[in-house]
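Residue numbers (my numbering): 5 to 141.
Every residue gets a Cβ at the ideal spot worked out from N, C-alpha and C, and that includes glycine.
All values derive from a computational prediction rather than experimental measurement.
Please read the structure below before turning to the comments.
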Ligand code: AMP
Ligand code: ZN
């Protein structure tokens with residue numbers, strides 16, 4: 005897609021700081037560096053997001069993630085890593101070419117603040133909700 009910045013990175017029209025590349029996937033440093041080594045892993049083929057991908061395309065992308073995550077961990081000496089994927093505006097997606105964020109973690113003040121609002125478990129409500137969502141084989 006000619007107006008997609010990540011497609012332009014794949015084609016070399018705009019520069020990126022590459023950390024991994026093969027025939028299907030490219031990984032480069034996110035310009036914002038939320039944590040040191042913040043990396044985006046993208047398929048070379050354009051997909052808007054995960055909701056547009058089939059199992060094969062998603063497998064090809066995610067199959068590379070452990071290798072790149074371990075590479076970051078080893079090279080940067082991080083003690084953990086968050087792996088995040090945002091889909092659609094409501095979920096914080098701002099660039100509409102599928103990407104997986106790899107965020108090496110060092111300590112509590114490394115730049116990333118994640119918080120989950122937690123609730124007391126309501127097991128009856130959980131069972132009902134699961135029934136609503138349940139997808140067989
Ligand atoms: P998201 O909010 O999940 O769609 O993430 C998009 C990410 O792309 C943001 O973290 C941006 O900092 C990053 N980004 C945007 N333009 C570029 C670029 N030219 N090179 C590297 N990262 C970029
Ligand atoms: Zn694209």
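Next item on the list: Compare the Cα-Cα distances from residue 100 to each of 55, 72, 41 and report the closest residue.
Entry: Along the chain shown, read from residue 1 onward, the residue named residue 100 stands at position 96. The option with the nearest alpha carbon to residue 100 is 55.
Check: Among 88, 44, 19, 17, which residue has its Cα nearest to the Cα of residue 29?
Finding: As a working mapping, residue 29 is identified with position 25 in the chain shown. Closest option to residue 29, judged by alpha-carbon separation, among 88, 44, 19, 17: 44.
Margin query: Under 8 Å, with one C-beta from each stretch per pair, do the region 91-111 and the region 53-70 reach the 3-pair mark?
Written below: Segments in contact, yes.
Checklist line | Closer than 7 Å: residues whose CB approaches a heavy atom of the ligand ZN | finding: In chain order, the hits are 5, 8, 10, 11, 50, 101.
Notebook entry, point to check: Roughly how many angstroms separate the alpha carbons of residue 107 and residue 34, rounded to a whole number?
Noted result: One-based indexing of the chain shown puts residue 107 at position 103. One-based indexing of the chain shown puts residue 34 at position 30. Each residue's Cα considered, the two are about 10 Å apart.
Note to self: For the ligand AMP, is there any heavy atom lying closer than 7 Å to the beta carbon of residue 66?
What the structure shows: The count along the chain shown starts at 1 and reaches residue 66 at position 62. It does not: the Cβ of residue 66 is nowhere closer than 7 Å to a heavy atom of the ligand AMP.
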